[in-house]
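K.L.:
For the sequence shown, the working numbering gives the first residue as 8, with consecutive numbering after it. This structure is in structure tokens; I'll ask about it shortly.
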Amino acid sequence: MMNKKRLMAILAAGVLTATSFNPAMIKAESVSAEEAGMAVPADAAGMSVPADAAGAAVSADEAGAAVSADEAGVVVAGDGSETAVFSEDGTPVKKTVKAADINMKVQDSYDFPFLGLKAVLPEELKKQIENSDMLMITEEEWNDDMTGFKYAFFHWNKLTEEQKNEDVNLLGTGYEDWLKSIERVGTLGVYSKDVIDDLDSITGCNEHKELGTSEDGNYKYYLSINKDAESDLTDEIEKIETTITEMTAFDPSKSVFDMPAENANPDAGNVGAFETTDIDGNAYTEKVFSDYDLTLVNCFTTWCSPCVNEMPDLDKLYQEMKEKGVGVVGMVIDSVGEDGTTDEDTVKKAQILKEKTGVTYPLLIPDAGNMNGRISGLSSFPESFFVDKDGNIVGDPIMGSKNLEDWKTAVEDALEKINSGK
């Protein structure tokens with residue numbers, strides 16, 4: 008289960024993370040009112056959903072920005088699907104999902120650099136997962152200071168035909184209660200030394216095979232099974248092939264099950280040279296910044312309702328300040344897939360957003376170099392930063408959405424830094 012501090016950090020200030028959430032992380036916690044009304048799509052919640060299940064943050068026939076949590080309790084996507092909306096206590100206002108849809112995607116192998124773990128599943132186990140006879144999901148618990156994790160593991164659970172089609176309620180303790188109702192078969196995970204004595208309660212299993220120790224000696228690896236489960240199921244868990252590798256340095260902006268960003272350069276001082284297009288196919292280069300003394304670069308995704316909600320204010324900012332040498336550029340981060348190719352469906356959703364929000368500033372597709380790595384590996388949305396006419400990045404990044412007045416203040420501060428030569 009995700010700890011409270013981590014959850015609050017994720018939800019703080021209207022920021023949504025791209026981290027692959029585990030549904031178990033979404034639980035009732037005390038979150039302040041200013042941290043409410045934030046949407047997390049099903050495919051960002053650690054659930055395996057159809058490609059069209061994420062959708063845009065507004066429907067095609069919806070006027071204006073996305074519906075807020077206090078207006079409707081749920082954000083309707085462009086394809087009619089729903090995304091979870093968080094209330095003031097941090098729980099989803101409304102969200103259910105079919106049990107079978109929570110299953111992780113079957114892969115030939117799994118590589119988790121943050122855990123220092125690689126795994127290959129036996130063919131029979133992969134078939135059981137594909138048929139949803141076996142449910143494979145993850146769980147992780149972070150340290151209180153969020154500088155590392157206490158444990159992280161996969162768990163496999165047997166599903167009956169009836170359980171496959173159950174509606175799992177993510178409200179409050181619904182997910183946790185449902186997990187207790189299905190049969191745990193086995194786990195594979197990494198555990199800090201101070202929780203080893205609690206393996207039975209943490210894993211839900213009662214037999215543990217130690218696989219090895221991390222290079223720094225702080226973590227141990229275990230393959231665990233429930234001896235009371237069917238032997239033909241536990242036998243498959245015991246056939247999992249594992250390799251322990253060097254742990255990649257912990258990144259508190261990501262889930263431990265995420266992959267490190269390959270070319271991320273969050274400390275880049277300049278966006279560099281690039282070539283790309285906007286969502287309408289118009290060509291752009293780094294010269295997009297040369298027409299203004301200062302340009303606000305707003306990184307967003309089509310599924311992020313706080314991102315969409317602030318777009319009209321960003322356009323007002325642009326209209327009011329472009330004559331003063333201030334520009335705005337939107338970067339549609341999810342318009343490029345993991346393989347580096349443009350996602351045409353997402354581009355269409357972005358076009359809908361542009362029409363419905365009325366923005367006139369350019370909405371760009373990320374270039375192959377991700378602006379010198381500056382927009383690669385972003386873990387929260389929206390995230391914004393300022394760029395001067397020479398492509399230099401000015402000041403610190405701005406996490407979360409803002410209203411028009413707050414954006415004006417941020418712009419004035421950035422202009423003062425440019426004028427003072429800082």
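Ideal placement from N, C-alpha and C gives every residue a C-beta, glycine not left out. These numbers come from a predicted model, not from an experiment.
Could you give the distance in angstroms between the alpha-carbon of SER312 and the alpha-carbon of LYS361?
P.N.:
Those two C-alpha atoms are separated by around 14 Å.
K.L.:
Among LEU132, THR210 and GLY224, whose alpha-carbon lies nearest the alpha-carbon of GLU4?
P.N.:
Because the chain in this structure spans residues 8 to 429, residue 4 falls outside the shown range and cannot be described.
K.L.:
How long is the line joining the alpha carbons of GLY53 and ASN426, rounded to whole angstroms?
P.N.:
Reliability of the predicted coordinates at GLY53 is poor, the pLDDT of 32 falling under 50, and the value obtained from them is presented with this limitation in mind. Whole-angstrom Cα-Cα distance: 45 Å.
K.L.:
Taking 6 Å as the limit between beta carbons, can you name the residues of its chain near GLU423, skipping five residues before and five after?
P.N.:
Excluding residues within five positions, none has a Cβ falling inside 6 Å.
K.L.:
Let me know the beta strand (DSSP E) ranges lying completely inside the region 326-407, each 3 residues or longer, listed in chain order.
P.N.:
Fully enclosed beta strand (DSSP E) runs of 3 or longer: 333-339, 390-395 and 400-406.
K.L.:
Counting only runs of 4+ residues fully inside the region 216-266, write out the alpha helix (DSSP H) ranges in chain order.
P.N.:
Within the region 216-266, the complete alpha helix (DSSP H) runs of at least 4 residues are 238-245.
K.L.:
Pairs of beta-carbons, one from the region 174-185 and one from the region 131-148, closer than 8 Å: are there three or more?
P.N.:
These segments do not touch.
K.L.:
Give a yes or no on contact between the region 300-320 and the region 410-423, applying the rule of three or more CB pairs nearer than 8 Å.
P.N.:
At 8 Å Cβ cutoff, the stretches touch.
K.L.:
So which of THR250, SER387 and GLY288 has the shortest CA-CA distance to TRP310?
P.N.:
Here the closest residue by C-alpha is SER387.
K.L.:
If contact is defined by three or more beta carbon pairs under 8 Å, each pair taking one atom from either stretch, is the region 277-287 in contact with the region 238-254?
P.N.:
They do not touch, by the three-pair rule.
K.L.:
To the nearest angstrom, how far is the alpha carbon of GLY123 from that of GLU217?
P.N.:
One C-alpha to the other measures close to 15 Å.
K.L.:
With a cut-off of 8 Å on the beta carbons, I'd call GLU243 and GLU131 a contact; round off their distance for me.
P.N.:
Confirmed, about 5 Å.
K.L.:
Taking the C-alpha atoms as reference points, what is the distance between GLY288 and GLN326?
P.N.:
Near 23 Å, if we compare the C-alpha coordinates of GLN326 and GLY288.
K.L.:
On the three-state DSSP scale, how would you describe TRP414?
P.N.:
DSSP places TRP414 in helix when its eight states are reduced to three.
K.L.:
I need the DSSP call for ASN305, collapsed to helix, strand or coil.
P.N.:
In this structure, ASN305 counts as strand in the three-state DSSP scheme.
K.L.:
Return the CA-CA distance between ILE109 and GLY219, expressed in angstroms with no decimal places.
P.N.:
Roughly 29 Å separates the two Cα atoms.
K.L.:
Which residues in the same chain as SER199 place their Cβ atom closer than 7 Å to its Cβ, once the five residues preceding and following it in sequence are excluded?
P.N.:
Once the five neighbours on either side are set aside, the close Cβ partners of SER199 are LYS157, TYR158, ASN225 and TYR226.
K.L.:
Work out the CA separation of GLY276 and ASN399 for me, nearest whole Å.
P.N.:
For ASN399 and GLY276, the distance between alpha carbons rounds to 6 Å.
K.L.:
Tell me which residue opens and which closes the beta strand (DSSP E) that THR103 is part of.
P.N.:
Segment 103-105, the beta strand (DSSP E) holding THR103.
K.L.:
Should PRO369 and PHE307 be called a contact, given that it needs their Cβ atoms to be closer than 7 Å?
P.N.:
Cβ distance not < 7 Å, so PRO369 and PHE307 don't count as in contact.
K.L.:
Roughly how many whole angstroms lie between the Cα atoms of ASP204 and ILE136?
P.N.:
So the alpha carbons of these two residues sit roughly 30 Å apart.
K.L.:
Going residue by residue through the region 136-202, where are the continuous alpha helix (DSSP H) segments of at least 4 residues, counting only ones entirely within it?
P.N.:
Runs of the alpha helix (DSSP H) inside the region 136-202: 168-171 and 181-188.
K.L.:
Looking at SER116 and VAL104, is the spacing between their C-beta atoms short of 7 Å?
P.N.:
No, the pair does not count as a contact, with Cβ atoms beyond the cut-off.
K.L.:
Can you look up VAL295 in the DSSP assignment and give me helix, strand or coil?
P.N.:
Note: VAL295 maps to helix in three-state DSSP.
K.L.:
Suppose the cutoff is 8 Å on Cβ atoms and the five residues either side in sequence are ignored; what does the same chain contact list for GLY402 look like?
P.N.:
Taken in chain order, the residues that qualify are PHE392, PHE393, ASP420, ALA421 and LYS424.
K.L.:
Provide the residue span of the alpha helix (DSSP H) that contains LEU206, from first to last.
P.N.:
Taken as a continuous stretch (DSSP letters only), the alpha helix (DSSP H) holding LEU206 covers 206-210.
K.L.:
Sort out for me which residues DSSP pairs ASP322 with in a bridge.
P.N.:
Bridge partners of ASP322: none, in fact.
K.L.:
Is LYS112 helix, strand or coil by DSSP?
P.N.:
If DSSP states are grouped into helix, strand and coil, LYS112 belongs with coil.
K.L.:
Taking the beta carbon of GLU169 as the centre, do at least 16 other beta carbons fall within 10 Å, making it buried, or is it exposed?
P.N.:
So GLU169 ends up on the exposed side.
K.L.:
Determine the DSSP secondary structure at ALA421, reduced to helix, strand or coil.
P.N.:
ALA421 falls in the helix class under three-state DSSP.
K.L.:
Would you say LYS356 and LEU411 are within 7 Å of each other, going by their C-beta atoms?
P.N.:
It is not a contact, given that the beta carbons lie outside the stated cut-off.
K.L.:
How many angstroms separate the CA atom of ASN164 from the CA atom of ASP118?
P.N.:
Whole-angstrom Cα-Cα distance: 21 Å.
K.L.:
Which stretch, first to last residue, makes up the beta strand (DSSP E) that contains LEU124?
P.N.:
Start and end: 124-127.
K.L.:
Can you tell me the Cα-Cα spacing of LYS409 and GLU190, whole angstroms?
P.N.:
LYS409 and GLU190: Cα-Cα distance of roughly 45 Å.
K.L.:
Compute the distance between the beta-carbons of VAL333 and VAL304, then report whether it is under 7 Å.
P.N.:
Contact: no.
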